[in-house]
Every structure is written in structure tokens, then in C-alpha cells.
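Chemist:
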Amino acid sequence: MGANLKEVRERISSIVNTQKSTKAMKMVSAAKLRRAQEAIVKLRPYSDKLDHILRNILSNIDGDLNLDFSKERDPEKVVIVLITSNKGLAGAFNTNLIKQAVNLLDKKYAAQRQAQQVEVICIGKKGFDYIRRHYPDVTINKDFVTLFDDLSYQNLMKVSSLAMDDFTAGKVDRVEVIYSKFKNAGIQLPEAKQFLPVETVKIYSDSSQKESFKADYLFEPNKEDLLEELIPSILHTKFQKYILDTHASEHGARMTAMDMATENANDLLKDLKITYNKARQESITNEISEIVGGAAALKS
Amino acid sequence: MVIEVLTPEEKLFTGEITSVMVPGISGRFQILENHAPIVSALVKGDVELTLGTGEKQNFSIEKGFIEVLNNEVSLLVYTAAAAE
Chain A
1 MGANLKEVRE RISSIVNTQK STKAMKMVSA AKLRRAQEAI VKLRPYSDKL
51 DHILRNILSN IDGDLNLDFS KERDPEKVVI VLITSNKGLA GAFNTNLIKQ
101 AVNLLDKKYA AQRQAQQVEV ICIGKKGFDY IRRHYPDVTI NKDFVTLFDD
151 LSYQNLMKVS SLAMDDFTAG KVDRVEVIYS KFKNAGIQLP EAKQFLPVET
201 VKIYSDSSQK ESFKADYLFE PNKEDLLEEL IPSILHTKFQ KYILDTHASE
251 HGARMTAMDM ATENANDLLK DLKITYNKAR QESITNEISE IVGGAAALKS
Chain B
1 MVIEVLTPEE KLFTGEITSV MVPGISGRFQ ILENHAPIVS ALVKGDVELT
51 LGTGEKQNFS IEKGFIEVLN NEVSLLVYTA AAAE
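Chains as they are written, first to last, in the working numbering: chain A, 1 to 300; chain B, 1 to 84.
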């Protein structure tokens, strides 16, 4: 029985140690999450204003738009931007994002993949590792794997600029972004969104809010050129939002996962403590009955 | 009039001004009180704010947009670094 007692004691202390680290990781994630959320909030006034100006221009334009970034072409060459985290221990966070990528690669763009016309831009090590291992036939752009190290606007712009340049040059016909939409610390929604060609312009131009923007604006330069200037800015901002959302989601997911791990460790400890006490009681009872038995044997 | 200077990373400045000079895509221009509504693209150059107190503030921008409506100015810029 002594051996069993020792075993249980060792398990308890190992669980206590694990719990310490999960608890610490949860705290760290909570702090990082707060900072990530702040970044999202700070971006909002800028992106709202850009949207406002865009709607403004569109509501003053009559007739069809013919923008470089909204030209729909047959998707011969496709780029998928896969945003994942660098580190694991975040529950199903990366798995869910990768699932979206697998879905695109195996179904939606299977034909393009067959023709070697799919390129994956990996942001974050987890997605990169997975695609490299499971899709050796797919071209991977690994220039931006460590993009998360520097979340400044200038740095994030590099990816969206590359996508836009390739798109306008006709080298790429479609760009998809896989990211995780941040709802709250407990809920993150992995999504695949079409980044290029732009779809939003259409939605705005037949929105019912037109009248509210009918102020008599001067447009400098003319509306069409202004739009061509404005759309890239909007796209950069949109892309930045994807990155920041994923960043916040990562920390939210990790925080939830670590919270659950800590809880789970608590449950385990409770059970083990009962087992430990039982074993201890058992060995005491055994000893007593041995002594009593011994004394009785002496008497007779 | 009121101005709001926004970058993708932060709100750079808000407050009361009497004039703002910006590098418009077709030439430098100044916005004064009661300017007509305008939307313009901006190019690389310097922005000069004249605050309500008469004090001047300068910073350089990489690219951006300006919108003026009812004495409210919104300035959206990239990499606005305060000029020394």
C-alpha cells in the first residue's frame, strides 16, 4: 500500500505544477488579449471614416463603376492567405483555421490546385507547418510567416500591397483570406473571405442610405480617380483588421483553453485527493489490524 | 472648426483650429472656417495646423485623405510623424 500512496502523491504534485503553468499562461493571454483588443478599437475610427468617405463618393456617382480592384476574372490563378498563430496551446483555434484552408484547397480550388495555380501565403508558423507537411504540391510563400512579430501598419501593408499589385498586374485572379473573426474571448469564428476582387463596392452603391450623403461635395481629383486612390487604403485597412482580429482571437482562444485546463486540473486534483485519503486510511487500518492480530496471538 | 487627425494606429490629434494647410493631389491648399464640403486625396508632404490659440503645428504625411463638412475636418493619413 505504501507504494500506491507514494504514486498518488507524485501525481498530485505533478498536476499542481501543471496547473501553475496553465494558470500563468491564462493570465498572460488575458493581458495580451486586452492589448490586442485595444488595437482593434483604435483602428475603428479610421476605418469607419474611410467607409464613410467611400459611401459618400459612391452616392454621388451615377452609372456603373469600373474599378481595377473589382474586375471579376475567371479564377485561374488563386492566392490563399492563411492567417494562423505562431504558437499552439490555444484549443482548436489553429485547427479550425486550417480546416478552412483545407476546404478551399480540396474543394473550391481543387481544379486550380491540379494545375499548380494555387499559392498559399502563410502568416503564422502553425499554418505554414501544416500546409508544408500535407500539401507538398502547393506553392507556399513563406516571406510573411513571422508577420505577427511586428503589427505596425507599414509592416502589415506589405502583404496587402503584394496581393493588390499581383491582382492589378493580372498575375493573380483571386485572393482569399482565411482569418479568425473575433467576437469575444470565448467565441472566435474562422472565416474564409474573398479579398480580391472587391465585392463590397456593389453593396454600398445600391444601399438605401444614399440620401443622407447628398451633401454637395467638391471632389479633388475627380470622383473616379479619388475612388482608385481610396480603395487601396480601404483594402489595407480591411486586411489589417483581419490580422488584428486573428491576433485577438488567438489570445482569446488560448485564454479559454488554459482556463479549461486549469479547471480540469482542479477536478483531477479533487479525485486524486480522495484516492490518496482512501489509500492512506486503508494502510492505517491495515497496520492497526496487524497490531491487534499480533497482540491477540501473543495473549493466547 | 474642429479637426480630427486619424491614422490606422491611433487618433493623432483632435481639437479646435482656425486653418489647416494640406498637400492635395492637385496642389497645396488651405481650409478655413466655413469651407465648402470637399473630399480630396492627399500626397506626400507637410500638413500645417493653426490652432485656436494661434499656435502652429506641423507634421509630414505619406499619403491620405481629407474630408470637410460643416466645419468638421477629418484627416486620414498614413505615417504621420510630427515634424520637429
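Every residue, glycine too, gets a C-beta built ideally from N, C-alpha and C.
1. By the DSSP assignment, the alpha helix (DSSP H) with LEU272 (chain A) in it spans what residues?
2. If you measure from the beta carbon of LYS20 (chain A) to each beta carbon in chain B, is any gap under 9 Å?
3. What first and last residue would you give for the alpha helix (DSSP H) that runs through ASP166 (chain A)?
4. Just checking: is the beta-carbon of HIS52 (chain A) within a distance shorter than 9 Å of some beta-carbon in chain B?
5. Using 8 Å as the cut-off, can you tell me whether the region 26-35 of chain B makes contact with the region 168-186 of chain A, which would need three or more C-beta pairs spanning the two stretches below that distance?
6. What are the boundary residues of the alpha helix (DSSP H) that GLU99 (chain A) is part of?
7. Whole angstroms is fine: what's the gap from LEU76 (chain B)'s alpha carbon to LYS32 (chain A)'s?
8. Since I believe ASP46 (chain B) is in contact with SER60 (chain B) (beta carbons under 8 Å), could you give me their beta-carbon distance rounded to a whole number of angstroms?
9. What whole-angstrom Cβ distance do ILE83 (chain A) and ILE234 (chain A) have, given they're in contact under 8 Å?
10. Could you tell me which chain B residues have their CB closer than 8 Å to the CB of GLU229 (chain A), listed as they occur along the chain?
11. Note down, in chain order, each residue of its chain lying with its Cβ closer than 6 Å to the Cβ of GLN100 (chain A), except the 5 sequence neighbours on either side.
12. What would DSSP say about THR18 (chain A), mapped onto helix, strand or coil?
13. Does any residue of chain B have a CB that is nearer than 9 Å to the CB of ASP150 (chain A)?
14. With a threshold of 9 Å between beta carbons, is GLU10 (chain B) in contact with chain A?
15. Using CA coordinates, which residue listed in B:ILE38, B:THR18 and B:THR7 is at the minimum distance from HIS236 (chain A)?
16. Roughly how many angstroms separate the alpha carbons of LEU42 (chain B) and ASN56 (chain A), rounded to a whole number?
17. Would ALA90 (chain A) and ALA257 (chain A) be called neighbours here (beta carbons separated by less than 9 Å)?
18. At 7 Å on the CB atoms, spell out the chain A contacts of ILE31 (chain B), in chain order.
19. Compare the C-beta of THR146 (chain A) against all C-beta atoms of chain B and say whether one is closer than 9 Å.
20. Quick check: what's the CA-CA separation for GLN117 (chain A) versus ILE140 (chain A)?
21. Work out the CA separation of THR14 (chain B) and VAL2 (chain B) for me, nearest whole Å.
22. When burial is assigned at 16 or more other CB atoms within 10 Å of the CB, is ALA24 (chain A) buried or exposed?
23. Along the chain, where does the alpha helix (DSSP H) containing ASP129 (chain A) start, and where does it finish?
24. Taking C-beta to C-beta, are ILE98 (chain A) and LYS126 (chain A) nearer than 9 Å?
25. Tell me, please, whether the CB atom of ILE38 (chain B) is closer than 9 Å to any CB atom in chain A?
26. Anything in chain A within Cβ reach of SER74 (chain B), meaning under 7 Å, just list it in chain order.
27. Measure the C-alpha to C-alpha separation of TYR276 (chain A) and ILE15 (chain A) and round it to an integer number of angstroms.
28. Do VAL145 (chain A) and GLU119 (chain A) have their C-beta atoms closer together than 9 Å?
29. Is the CB of ILE57 (chain A) under 9 Å away from at least one CB in chain B?
30. Work out the CA separation of ALA115 (chain A) and HIS134 (chain A) for me, nearest whole Å.
31. Could you tell me whether any Cβ in chain A is nearer than 9 Å to the Cβ of LEU69 (chain B)?
32. Spatial neighbours of MET157 (chain A) within its chain, please: CB distance less than 7 Å, with the 5 preceding and 5 following residues excluded, ordered by chain position.
Modeler: According to the structure data:
1. 223-299
2. no
3. 153-168
4. yes
5. no
6. According to the sequence displayed, residue 99 (chain A) carries Lys and not Glu. Per DSSP, LYS99 (chain A) belongs to the alpha helix (DSSP H) from 93-103.
7. 28 Å
8. 5 Å
9. 19 Å between Cβ atoms; not a contact.
10. ILE25, ALA41 and PHE65
11. ILE178, PRO190 and ALA192
12. helix
13. no
14. yes
15. B:THR7
16. 17 Å
17. yes
18. By Cβ distance, chain A contributes nothing, its closest Cβ being about 11 Å from ILE31 (chain B), past 7 Å.
19. no
20. 11 Å
21. 7 Å
22. exposed
23. 125-134
24. yes
25. yes
26. LYS49
27. 14 Å
28. no
29. yes
30. 17 Å
31. yes
32. HIS236
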